[in-house]
Amino acid sequence: MFRNAVARPVLRANQRLVAIRSFSVAPVRMGEGDLGAPKAGGSAAADSFTKREAAQENLYVKEKELQKLRELKHKLAEQRKHLDELDKHIDQLTKEQGGEQN
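So for the sequence shown, the numbering used here puts the first residue at 15; every next one is plus one.
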């Protein structure tokens, strides 16, 4: 009982303090070496982690673009094959109808 008699008023007092506290409007400050902090000197002062991450992103994008290009070339080859078949079919139909003098 003693614990409840002491703990409850202290808890209520803490809740009042939390409700009364004001929020800060100042931006969060980061040190120069912290992750996510802006570097002094821009990309020239980038550390090895940032350079490696950028290189991996560039490699990933390049691989995706090459994969898309291969797929487009494959689709183009299929379309060309289909068009060639249609040309042969048209030639065959015109010969059967006597449209060409062969």
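We put the CB at the ideal spot given by N, CA and C, even for glycine.
Cutoff 7 Å; reference residue i; Cβ partners in own chain excluding five residues on either side
{"i": "residue 70", "result": "none"}
Nonlocal neighbours in the same chain, by C-beta distance under 8 Å from residue i, ignoring five residues either side
{"i": "residue 67", "result": "none"}
{"i": "residue 75", "result": "none"}
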